[in-house]
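Visitor: If you scroll down you'll find the structure; I have some questions about it.
Residue numbers (this note's numbering): -7 to 103.
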């Protein structure tokens, strides 16, 4: 048999009782031709507990609306896994280039 590691437990988003892997959502985001970088974190939600919040950096010269990106995700994955919120801009990184998701979680909570 095979063992496939999907995500760290702290990167699992629990939305309405469903477990959503942030890595799975990020994989779909990276399939969009306008996306340079993407990271997905949990955003607190009164109704669902948490919802996926996508932070994305677009490729130079690219333009994209949040609604269009959410629609793209819904075409390529289960609707409940698609981000409900999209934030455009540079992603915070460590000196070695790793995306700092803890900072994005703080930003998502403040939205």
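Backbone N, C-alpha and C define an ideal beta-carbon position, used for all residues, glycine too.
So what's residue 23 in DSSP terms, helix, strand or just coil?
Guide: In this structure, residue 23 counts as coil in the three-state DSSP scheme.
Visitor: Counting pairs of Cβ atoms below 8 Å between the stretch 11 to 23 and the stretch 71 to 90, do you hit three or more?
Guide: Result yes; three or more Cβ-Cβ pairs closer than 8 Å.
Visitor: Taking 8 Å as the cut-off, does the stretch 35 to 44 touch the stretch 53 to 61 (at least 3 CB pairs, one atom from each stretch)?
Guide: Touching, no.
Visitor: I need the DSSP call for residue 97, collapsed to helix, strand or coil.
Guide: It is helical.
Visitor: Given that a residue counts as buried once 16 or more other Cβ atoms are within 10 Å of its Cβ, and exposed if not, what is residue 101?
Guide: Exposed.
Visitor: Mind checking which residues open and close the beta strand (DSSP E) that includes residue 80?
Guide: Segment 77 to 80, the beta strand (DSSP E) holding residue 80.
Visitor: If the criterion is Cβ atoms closer than 8 Å, does the pair residue 93 and residue 33 meet it?
Guide: For residue 93 and residue 33, yes; Cβs fall inside 8 Å.
Visitor: Between 87, 26, 6, which has its C-alpha nearest residue 49's C-alpha?
Guide: Nearest option by C-alpha distance: 26.
Visitor: From residue 65 to residue 77, what distance separates their C-alpha atoms?
Guide: Approximately 12 Å between the Cα atoms of the pair.
Visitor: Judging by CA-CA distance, which residue of 53, 7, 98, 20 is the nearest neighbour of residue 39?
Guide: Residue 7 is the option with its Cα nearest to residue 39.
Visitor: Restricting to runs no shorter than 3 residues, where is the beta strand (DSSP E) found entirely within the stretch 10 to 59?
Guide: Entirely contained in the stretch 10 to 59, the beta strand (DSSP E) runs reaching 3 residues are, in chain order, 10 to 13, 27 to 37, 41 to 50.
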